[in-house]
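Below is one structure, written out as structure tokens; comments come after it.
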Amino acid sequence: MVEVSLPHSRFEDLGDEIRLIWRGTLYADFRKSELERAVKRKLGISAEVEVKDGSLFIQTDREGVGPYLALYIQNNLGALLRNRYTNRKVIYIHEGLGVPLLGYNAFGLIDRGTNLIQVRGVSGCNMSCIFCSVDEGPYSRTRKLDYVVDIDYLMKWFDGVARIKGRGLEAHLDGQGEPLIYPFRVELVQALREHPNVSVISMQSNGTLLTDKLVEELAEAGLDRVNLSLHSLDPEKAKMLMGRKDYSLEHVLEMAEALVNAGVDVLIAPVIIFGINDDEAEAFIEFARKIGAGKRWPALGFQNYIPYKFGRNPAVAKVKPFKEFYAWLRKLEEETGMRPLVLKPAHFGMERREFIPLAFRPGEVVKAEVVLPGRIEGEMLAKARNRLIEVVGTKAEVGERIRVRIVRTRHGIYIGTEV
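See the structure below:
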């Protein structure tokens, strides 16, 4: 019997299929009969495949069959990859695809004219928050696929951006979803820590995927701060807001404390929906004090709920004008003594920096090559001038060359329509 070994992988038996789980966050399903036929075609032998204790075995002693089947699986992995948390198809973006990592909102890098660079290696989320601005999570009705960016390719582009932006950068790991589903999460933090232009590494997270082991790994790799998406301290209300009955508030609270104990600063970041969780504001403040959050940066970052066109907007949510929201925060500061609650860029060491030069002007028509499907129906991604353009309302297919009118360029995120 020959064992097939692949790095960072384990196998599960699904009956007629074998599931390969890669780095804990992605999977691919192979039919047993397909793997057995591949062996017979290549080596001329009949041999059954089976899974034991997370490993894949072939019932043969034939030399070379293990390495061949491992290579076969690796070569077919890209077309079959799916996200374990959303079950959506995954497009793995690597240097060979030639896809730019500037210009799109769902993956890559985003520069908003400061010393903070948003680093987005993955899309998708394990939660389905009822107020999600991009309708993310396993119950999404609009998102049809996810992306994962190869870490070496992501760092290559980050280095290019960092050369333009200069030293003293904050690399902020966020995205349309949960950054911790990125399969190279620890390696990314470590690579950013070693970059000479990076001073601070922060991450947005809902905390559900953290474990004691992962907390230690992230701390050792050099993570400085986690902005923790914690929206209620009532277990049942938290499940409702997060859109998951299996959400464990107790676990997230334990992980918040574990982060602080490991030397990673924590900023509690609730989205306040008036009429639902605004009455918990003082409880959030007391929890932050209890665990010792906010040692280097503010301990809390209350966010005002805003409805979005493509988001999930609960009917019970009361939209509070920002003028009233900030007045509410100032009153909280006075009543609790917790400051600052009205946050400014200076509280995070953020400063204005020159934007990466725009590649297009609004209204300009450019010739672009369609390189990837988009995340929602009628959306495709095209490239021109080494930038990505989100082309909306199109029926173009990958490989086509089309003319695109640029309709939006804000913060170097390009949206266009086919003409």
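In the numbering used here, the protein residues as written are 1 to 419. Idealized CB from N, CA, C, for every residue including glycine.
E12 has R19 as its beta-bridge partners, per DSSP. By the neighbour-count criterion, in which a residue is buried when 16 or more other Cβ atoms sit within 10 angstroms of its Cβ, H8 is exposed. The beta carbon of R193 sits closer than 7 angstroms to the beta carbons of I201, A221 and G222 from its chain, once the five residues preceding and following it are set aside; these are given in chain order. Contiguous alpha helix (DSSP H) elements confined to the region 278-332 occur at 281-291, taking only those with 4 or more residues. Runs of beta strand (DSSP E) with 3 or more residues, each lying fully within the region 247-280, are found at 265-268, listed in chain order.
In this structure, DSSP gives V51 an extended state, which the three-state scheme calls strand.
In the assembly as shown, E136 is a buried residue. Its beta-carbon has 16 or more other beta-carbons within 10 Å. In the three-state reduction of the DSSP assignment, P345 falls in the helix class, which pools H, G and I.
For Y27, the secondary structure class from DSSP, reduced to helix, strand or coil, is strand. One alpha carbon belongs to R244, the other to I130, and they sit about 10 angstroms apart. In the displayed model, I117 falls within a strand according to three-state DSSP. In its chain, beyond the 5 residues on either side, Y308 and G311 have a beta carbon closer than 6 angstroms to the beta carbon of S133. Residues V90, G124 and D146 of the same chain have their beta carbon placed closer than 6 angstroms to that of N83, with the five preceding and five following residues left out of the count.
A346 sits away from Q303, with the two beta carbons spaced by 8 angstroms or more. Two segments are said to touch when three or more pairs of C-beta atoms, one from each, lie closer than 8 angstroms; by this definition the region 21-36 touches the region 167-187. Between F360 and T409 a beta carbon distance of about 6 angstroms is seen, short of the 8 angstroms cut, so the two are scored as contacting. R31 is positioned such that its CB atom lies closer than 8 angstroms to that of D16.
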